Amino acid sequence: MNVNNSYLPALMMLAALSLPESAFAAQGNGTANVISILTTTQAQTPPATGLVYGGCMANLSVNVNQLAGSPNCPTTWVTFGCDGTYATQSSAQMLLDQAQLAHIANKPVFIVVDDTMLINGMCTAVRVDVN
230 MNVNNSYLPA LMMLAALSLP ESAFAAQGNG TANVISILTT TQAQTPPATG
280 LVYGGCMANL SVNVNQLAGS PNCPTTWVTF GCDGTYATQS SAQMLLDQAQ
330 LAHIANKPVF IVVDDTMLIN GMCTAVRVDV N
């Protein structure tokens, strides 16, 4: 038996585990207040398709990268992709509706965002619960 070959899987596993966390895709989740809502019909600059920021966004009271799971999201803004980028338009609209309800009622939301689903560099929310 070659002793050097028996250590290879262990070394590969150690190397993978030592990567910085930001190298991995993450879904972050946590509670925040909705500070403001953005909607737009402005088209993206060609060759990109869809609307700027997916057509709708929410500004949260916390930076998204501070949520549990530490998603790699740069700001307090999340998009819902109301133009149908990652989900159907009606599904994205339901998420926006919940954010608007929470904003008007001044209630916190539990939100889940995915840092692999980016629109203009902003992470996409995949779940919104009004608390």
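Numbering (my numbering) for the sequence shown: 230 to 360.
Glycine included, C-beta positions come from ideal geometry on N, C-alpha and C.
These numbers were taken from a predicted model, which means no experiment stands behind them.
Return the chain-ordered list of same chain residues with a C-beta closer than 7 Å to the C-beta of residue i, the five sequence neighbours on each side being excluded.
| i | result |
| --- | --- |
| I348 | Y282, G283, T308, G310, T314 |
| Q329 | I266 |
| K336 | V359, N360 |
| L324 | F309, A354, V357 |
If we call anything under 7 Å between Cβ atoms a contact, is residue i one with residue j?
| i | j | result |
| --- | --- | --- |
| V355 | V341 | yes |
| P303 | G257 | no |
| V291 | Q327 | no |
| A316 | V263 | no |
| A297 | G259 | yes |
| G279 | D312 | yes |
| T268 | C285 | yes |
Can you find the residues in the same chain that come closer than 8 Å, C-beta to C-beta, to residue i, ignoring five residues on each side of it along the sequence?
| i | result |
| --- | --- |
| D344 | A254, A255, Q256, G257, P300, N301, C302, C352 |
| Q361 | Nothing about residue 361 can be read from this structure; the chain reaches only from 230 to 360. |
| T270 | L280, G284 |
Which residues in the same chain have their Cβ closer than 6 Å to the Cβ of residue i, if we skip the five residues on either side of it in sequence?
| i | result |
| --- | --- |
| L289 | A261, T305 |
| M346 | Y315, T353 |
Are there 16 or more other CB atoms within 10 angstroms of the CB of residue i, so buried, or fewer, so exposed?
| i | result |
| --- | --- |
| N294 | buried |
| A334 | exposed |
| A272 | exposed |
| A277 | exposed |
In the DSSP assignment, what residue or residues form a beta bridge with residue i?
| i | result |
| --- | --- |
| G257 | V342 |
| L280 | A272 |
| A328 | According to DSSP, A328 bridges with nothing at all. |
| S299 | S299 is not bridged to any residue. |
Could one say the Cβ of residue i lies closer than 7 Å to chain D's Cβ atoms, at least one of them?
| i | result |
| --- | --- |
| I348 | Note that chain D does not occur in the displayed structure, where there is just one protein chain. |
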